[in-house]
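Line order of the protein sequences matches chains A and B. Numbered per numbering that gives the first Met the number 0, the first sequence finishes at 337, counting up by one with no gaps. Numbered per numbering that gives the first Met the number 0, the second sequence finishes at 416, counting up by one with no gaps. Below: one structure, written as structure tokens.
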Amino acid sequence: MKKSVFFGALAFAGLAAGASSAATLDEIKERGKINCGVTEGTLGFSSRDAEGKHQGFDVEFCRALGAAIFDDPDAVEYVELSSKNRFTALSAGQADLLYRTTTWTFSRDVDLKTSFVGINYYDGQGFMVPKSLGVSSAKELEGATVCIETGTTTELNLSDFFRVNGMSYEPLPVGGTTEAKALFEEGACDVYTTDASALAGVRASLKDPSAFVILPEIVSKEPLGPTVRHGDNEWEDIVRWTQNALVAAEELGVTQANVAEMAKGGDNPEINRLLGAEGSLGEMLGLSPDWAVKAIAATGNYGEIFERNIGESTPIGLARGLNALWTEGGLQYSPPFR
Amino acid sequence: MSDQSAPPKEQFQLSMLIYDARYRGITIQIFVLLLVMSGLFWLASNAVTNLAALGKPIRFDFLGDTAGYDINQRLVEYSSQSTHARATFVGLLNTLLVAFMGCAAATILGVVGGVLRLSNNWLVSRMVALYVEIFRNVPVLLWIFVCMFTFTALAPQPRAFRGENPEASMYLWDSVAFTNRGIYMPEPLFSRPLGNIDVGIFLVSLELLVVLALLIGGIIFARKNNARAARIQDETGDRPSTGLVNAAAILLPSIIALIAMGFYLGKPALAGFNFKGGINMSASLIGLWLGLTLYTTTYIIEAVRSGIQAVNKGQSEAAAALGLRPGRTMNLVILPQAMRIIIPQLISQYLNLTKNSSLAVAIGYMDLVSTLGGITLNQTGREMEAILLLMAIYLTISLSISVGMNWYNNRVKLVER
């Protein structure tokens with residue numbers, strides 16, 4: 000007994016020793032790369048393309064950070080993390096931040112000693128069923144078997160939803176997306192549940208997507224956003240404001256195509272401050288004055304990233320919905336750059 | 000005056016700890032022990048300090064919080080409003096369940112296979128050898144996947160049982176349903192139930208206790224009856240027949256009690272998406288059980304084979320000379336001697352199977368690793384505590400199996416005379 004406790008401690012000591020709370024930016028600069036924690040494969044958000052390169056909505060934000068810090072969007076090392084080991088990896092210093100479809104919740108923010116620094120996607124948990132089941136609402140799922148990917152907030156939302164509606168269900172919690180998907184396709188469960196965004200990705204990757212429908216109910220709030228360790232406010236600021244810069248760029252009409260032109264300076268002081276033609280916002284962050292220009296040039300603004308990876312023209316086909324700018328009835332809103 | 004003098008009394012000196020061969024060994028051992036202990040202590044304190052620095056001191060109070068998640072396969076009462084400790088307990092029972100089922104099935108298959116492996120029939124022994132080589136040389140996780148996905152792909156979905164002309168039907172007078180969600184079997188129910196006793200962590204059904212007590216009483220009676228018969232046989236040479244009386248003593252009281260309590264079988268029935276009622280053995284349990292069993296059986300086959308081959312050939316020749324048929328030679332002469340070689344190997348296979356059952360998480364069987372080390376760990380973020388607890392529990396299970404099997408080994412081992 001004693002022995003194994005000690006060996007466990009040994010293993011953890013090795014991990015924990017790697018974690019230091021301060022000066023993440025210095026470490027990153029020394030390393031020459033950002034260690035960005037992403038999912039093991041969620042189509043649209045982070046997955047590998049045919050050449051094995053990471054692609055997706057979350058990946059673009061990592062690339063923007065790489066561009067802002069090193070002027071090189073490829074200066075990013077992608078650390079693929081499961082929903083189970085992501086926080087351990089973050090607190091042990093294996094990843095500098097998570098862009099890993101991670102839901103911002105109270106206990107994660109407070110108890111797990113992580114900081115959520117923004118919301119890059121407003122999501123909610125949804126249900127997918129085979130069309131042949133003839134179900135049109137999640138309220139008709141009494142007694143159904145539900146496939147869940149474990150290690151997420153999904154289990155609790157699911158349990159709450161069925162309890163509130165006085166229904167019973169059989170959970171089938173599976174370790175990974177691939178296995179859960181296979182079981183769902185074979186009919187080992189009636190329902191597949193996860194965040195609606197990921198659900199669209201899963202549906203798109205099924206053999207016959209048209210045979211499955213996503214039910215209209217969204218049963219939870221899942222604000223997904225970047226996560227960093229507690230205690231390094233400088234690094235937190237860089238992650239937060241790089242994301243804000245991309246949102247502000249969309250609002251101000253700065254795009255990948257015109258950013259170089261606009262960076263020369265113009266009449267709009269907010270654009271000038273954002274792009275470094277006026278003021279010294281970049282230096283305050285410890286970066287170059289044109290950090291936002293580099294980021295936008297690498298990935299485009301928030302709207303461009305959205306459309307390119309998960310928008311309606313892609314196989315994922317997600318509408319902007321809550322993720323539209325506040326000026327267009329959505330929730331995406333950047334605090335002012337001044 | 001005696002001229003014999005006592006040997007000079009040696010004064011113990013500190014330097015003897017190093018220069019005296021009698022003490023040096025002990026000195027070195029103590030020194031190394033201290034070194035190892037301080038090294039381990041340094042690591043442990045390092046972990047504790049680092050965790051505290053991360054703002055996560057080691058505490059176990061999260062076990063008392065509401066778990067909030069559901070578990071499909073459970074042996075005791077559990078709901079999403081139960082605590083994490085309760086979820087851990089449910090997971091522990093599930094681990095023990097699959098470990099027990101796996102060990103039992105692997106032992107039976109392994110002993111049969113081991114004997115067949117040595118069969119004189121070329122085809123039979125080669126077939127077993129082929130099975131052993133295929134299953135032993137592929138990781139058990141893959142076999143678990145194969146079993147699970149084969150089961151879910153081949154067995155019909157519950158909806159196939161629906162309609163006027165269903166594609167699938169139930170077996171044994173509509174009481175057993177094979178679906179790709181699991182096997183649904185009838186459960187014993189009582190129309191005049193006696194209720195349950197709450198023993199703190201789970202409920203014990205009084206009906207079960209009554210039936211067990213009656214069965215045990217019957218068996219005790221039967222043994223007494225046999226002893227009496229033996230005594231009469233010793234005295235008179237005639238053995239009174241006992242079979243019928245014994246059978247009646249063991250079975251009748253239980254049957255009468257079951258009828259009195261209004262025993263009936265609750266059949267599972269299709270309701271909505273799934274079968275309801277009855278005992279459900281989930282597809283994950285079946286997949287895991289099959290995978291573990293098929294894999295571990297190969298090792299037990301080899302253990303049995305090596306045990307049998309280790310018995311001196313003279314033993315079987317002697318048995319043949321006495322006129323014993325091959326079957327009886329195996330049962331009465333070879334196997335009892337082979338057991339002492341087989342059992343130590345069986346112990347390690349049982350331990351392996353139990354530990355391998357932690358692969359359950361891959362196919363959604365809620366064992367200890369999926370509950371405490373999975374959802375609980377993730378919801379509470381208490382990695383260190385959860386992993387330490389897991390290790391302690393697995394260690395306890397393994398040591399218990401080991402102690403039990405060693406006790407059995409001591410009973411059956413060859414007594415040297």
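For glycine and all other residues, C-beta sits at the position ideal for the given N, C-alpha and C. In this text, all values refer to a predicted model and were calculated from it rather than measured experimentally.
Which residues, taken in chain order from the region 42-59 of chain B, show a beta carbon closer than 7 Å to some beta carbon of chain A? The residues in question are Leu42, Ala43, Asn45, Ala46, Asn49, Leu50, Leu53, Gly54 and Lys55.
Pull the bridge partners of aspartate 197 of chain B from the DSSP assignment, please. Along the second sequence, read from residue 1 onward, the residue named residue 197 of chain B stands at position 198. Residue pairing by DSSP places aspartate 197 of chain B opposite B/Leu202 in a beta bridge.
For valine 116 of chain A, return the contacting residues in chain B, with the cut-off set at a CB-CB distance below 9 Å. Start at 1 with the first residue of the first sequence, and residue 116 of chain A comes out as number 117. Within chain B, no residue comes near valine 116 of chain A; the closest Cβ sits about 18 Å away, beyond 9 Å.
Report the neighbours of glutamate 249 of chain A on chain B: residues whose CB is nearer than 9 Å to its CB, in chain order. Working through the first sequence from its first residue, we reach residue 249 of chain A at position 250. Chain B residues near glutamate 249 of chain A: none, gap ~34 Å exceeds 9 Å.
Can you tell me whether threonine 152 of chain A is buried or exposed, with buried defined as 16 or more other CB within 10 angstroms of its CB? The residue given as residue 152 of chain A occupies position 153 in the first sequence. By the neighbour-count rule (16 or more Cβ atoms within 10 Å), threonine 152 of chain A is buried.
For glycine 181 of chain B, the residue or residues it bridges with in DSSP: As a working mapping, residue 181 of chain B is identified with position 182 in the second sequence. Partner residues in the beta bridge of glycine 181 of chain B, as assigned by DSSP, are B/Thr178 and B/Ser281.
Contact criterion: CB-CB distance below 7 Å. Does phenylalanine 274 of chain B meet it with respect to chain A? In the second sequence, residue 274 of chain B corresponds to position 275, counting from 1. It does not; no Cβ of chain A falls within 7 Å.
What residues from chain B crowd round phenylalanine 86 of chain A, counting only those whose CB sits closer than 9 Å? Indexing the first sequence from 1 puts residue 86 of chain A at position 87. Here the neighbours are Asn377, Gly380 and Glu382.
Would you tell me roughly how many angstroms separate the C-alpha atoms of threonine 149 of chain B and leucine 376 of chain B, rounded to the nearest one? The residue labelled residue 149 of chain B in the question sits at position 150 within the second sequence. The residue labelled residue 376 of chain B in the question sits at position 377 within the second sequence. Answer to the nearest angstrom: the Cα atoms are 31 Å apart.
Comparing the C-beta of glycine 113 of chain B with each C-beta of chain A, is any distance below 7 Å? Here the question's residue 113 of chain B lines up with position 114 in the second sequence. No, no contact with chain A.
DSSP state of proline 335 of chain A mapped onto helix, strand, coil: As a first step, residue 335 of chain A is located in the first sequence; it is residue number 336 there, counting from the start. It is coil, neither helix nor strand.
To the nearest angstrom, report how far apart glutamate 148 of chain A and valine 210 of chain B are at their CA atoms. Working through the first sequence from its first residue, we reach residue 148 of chain A at position 149. Working through the second sequence from its first residue, we reach residue 210 of chain B at position 211. Straight across, the Cα-Cα distance linking glutamate 148 of chain A with valine 210 of chain B is about 42 Å.
What separation, rounded to the nearest whole angstrom, lies between the Cα atoms of tyrosine 130 of chain B and leucine 367 of chain B? Within the second sequence, numbered from 1, the residue matching residue 130 of chain B stands at position 131. Within the second sequence, numbered from 1, the residue matching residue 367 of chain B stands at position 368. Rounded to the nearest whole angstrom, the C-alpha separation of tyrosine 130 of chain B and leucine 367 of chain B is 30 Å.
Near phenylalanine 201 of chain B, which residues of its chain fall below 6 Å by C-beta distance, leaving aside the five closest residues on each side in sequence? Counted from its first residue, the second sequence places residue 201 of chain B at position 202. Cβ within range, chain order: Val75.
Relative to chain B, which residues along the region 71-97 of chain A have a C-beta separation below 8 Å, given in chain order? Hits within the stretch, in order: Ser82, Lys83, Phe86, Thr87 and Ser90.
Sort B/Met260, B/Ala105, B/Asp69 and B/Gly24 by Cα distance to glycine 90 of chain B and report the nearest one. Here residue 90 of chain B refers to the residue found at position 91 when the second sequence is read from its first residue. Each of B/Met260, B/Ala105, B/Asp69 and B/Gly24 was checked against the Cα of glycine 90 of chain B, and the nearest Cα belongs to B/Asp69.
By how many angstroms is the C-alpha of glycine 275 of chain A removed from the C-alpha of phenylalanine 144 of chain B? Counting from 1 along the second sequence, the entry for residue 144 of chain B is found at position 145. Counting from 1 along the first sequence, the entry for residue 275 of chain A is found at position 276. Phenylalanine 144 of chain B and glycine 275 of chain A: Cα-Cα distance of roughly 55 Å.
Straight-line Cα distance separating asparagine 225 of chain B from glutamate 206 of chain B: Within the second sequence, numbered from 1, the residue matching residue 206 of chain B stands at position 207. Within the second sequence, numbered from 1, the residue matching residue 225 of chain B stands at position 226. Distance between the alpha carbons of glutamate 206 of chain B and asparagine 225 of chain B: 29 Å.
Sheet register partners of lysine 275 of chain B (DSSP bridge): Stepping through the second sequence from its first residue, residue 275 of chain B is reached at position 276. Here lysine 275 of chain B is bridged, per DSSP, to B/Ala268.
Please determine if the region 384-392 of chain B and the region 315-331 of chain B are in contact, where contact requires at least 3 C-beta pairs separated by less than 8 Å. Contact between the region 384-392 of chain B and the region 315-331 of chain B is not established, with fewer than three Cβ pairs separated by less than 8 Å.
What ranges does the beta strand (DSSP E) occupy inside the region 277-343 of chain B, keeping only unbroken runs of at least 3 residues that lie completely in it? If one requires a minimum length of 3 residues, the beta strand (DSSP E) runs lying completely within the region 277-343 of chain B are 278-281, in chain order.
Straight-line Cα distance separating arginine 99 of chain A from glutamate 233 of chain A: The sequence position of residue 233 of chain A within the first sequence is 234, counting from 1. The sequence position of residue 99 of chain A within the first sequence is 100, counting from 1. Their Cα atoms are separated by approximately 21 Å.
Helix, strand or coil at valine 145 of chain B according to DSSP, with G and I counted as helix: Working through the second sequence from its first residue, we reach residue 145 of chain B at position 146. The answer is helix: DSSP assigns valine 145 of chain B an H, G or I state.
Measure the C-alpha to C-alpha separation of leucine 330 of chain A and tryptophan 103 of chain A and round it to an integer number of angstroms. If you number the first sequence from 1, residue 330 of chain A lands on position 331. If you number the first sequence from 1, residue 103 of chain A lands on position 104. Distance between leucine 330 of chain A and tryptophan 103 of chain A, taken at the CA atoms: about 15 Å.
Would you identify the three-state DSSP class for isoleucine 217 of chain A, choosing helix, strand or coil? As a working mapping, residue 217 of chain A is identified with position 218 in the first sequence. In this structure, isoleucine 217 of chain A counts as coil in the three-state DSSP scheme.
Can you pull the chain A residues whose beta carbon is under 8 Å from the beta carbon of asparagine 179 of chain B, in chain order? To locate residue 179 of chain B, count along the second sequence from 1; it is residue 180. Residues of chain A whose Cβ lies closer than 8 Å to the Cβ of asparagine 179 of chain B are, in chain order, Glu185, Gly186 and Ala187.
Output the residue ranges of the beta strand (DSSP E) runs that lie fully inside the region 179-203 of chain A and measure 3 residues or longer, sorted by chain position. Contiguous beta strand (DSSP E) elements confined to the region 179-203 of chain A occur at 190-194, taking only those with 3 or more residues.
Residues of its chain near proline 288 of chain A, where Cβ-Cβ distance is below 8 Å and the 5 sequence neighbours each way are ignored: Start at 1 with the first residue of the first sequence, and residue 288 of chain A comes out as number 289. Result list for proline 288 of chain A: Gly275, Ser279, Leu280, Gly281 and Glu282, in chain order.
Candidates A/Ala296, A/Asp95 and A/Ser90: which alpha carbon is nearest glutamate 76 of chain A's? Along the first sequence, read from residue 1 onward, the residue named residue 76 of chain A stands at position 77. Cα-wise, what sits closest to glutamate 76 of chain A is A/Asp95.
Could you check if glycine 194 of chain B is buried or exposed, using at least 16 other CB atoms within 10 Å of its CB as the buried criterion? Position 195 of the second sequence holds residue 194 of chain B. The residue is exposed, with fewer than 16 neighbouring Cβ atoms inside 10 Å.
Alpha-carbon spacing of valine 35 of chain B relative to valine 175 of chain B, whole angstroms: In the second sequence, the residue the question calls residue 35 of chain B occupies position 36. In the second sequence, the residue the question calls residue 175 of chain B occupies position 176. C-alpha separation (whole angstroms): 59 Å.
Distance cutoff 7 Å, beta carbons only. Does proline 170 of chain A sit that close to anything in chain B? Locating residue 170 of chain A in the first sequence gives position 171, counting from the first residue. For proline 170 of chain A, the answer is yes, since a Cβ of chain B falls inside 7 Å of its Cβ.
Residue closest to alanine 291 of chain A, alpha-carbon to alpha-carbon, out of A/Ala66, A/Glu303, A/Phe44 and A/Phe161: In the first sequence, the residue the question calls residue 291 of chain A occupies position 292. Sorting A/Ala66, A/Glu303, A/Phe44 and A/Phe161 by C-alpha distance to the C-alpha of alanine 291 of chain A places A/Ala66 at the top.
By the criterion of Cβ-Cβ separation under 9 Å, what are the contact partners of glycine 306 of chain B in chain A? The count along the second sequence starts at 1 and reaches residue 306 of chain B at position 307. Per Cβ cutoff of 9 Å: no residues; glycine 306 of chain B is ~31 Å from chain A at best.
Contact residues within the region 140-154 of chain A, judged by C-beta distance below 7 Å to chain B: Result list: Glu141, Gly142, Ala143, Thr144, Thr149, Gly150 and Glu154.
Same chain, Cβ closer than 8 Å to serine 20 of chain A, five either side skipped, listed in chain order: One-based indexing of the first sequence puts residue 20 of chain A at position 21. For serine 20 of chain A, the predicted structure reports a pLDDT of 45, less than 50, and the residue's modelled location is therefore unreliable. A value from the coordinates is still provided. Leaving aside the five residues that flank serine 20 of chain A on each side, the residues in its chain whose CB is nearer than 8 Å to its CB run, in chain order, Arg228, His229, Gly230 and Asp231.
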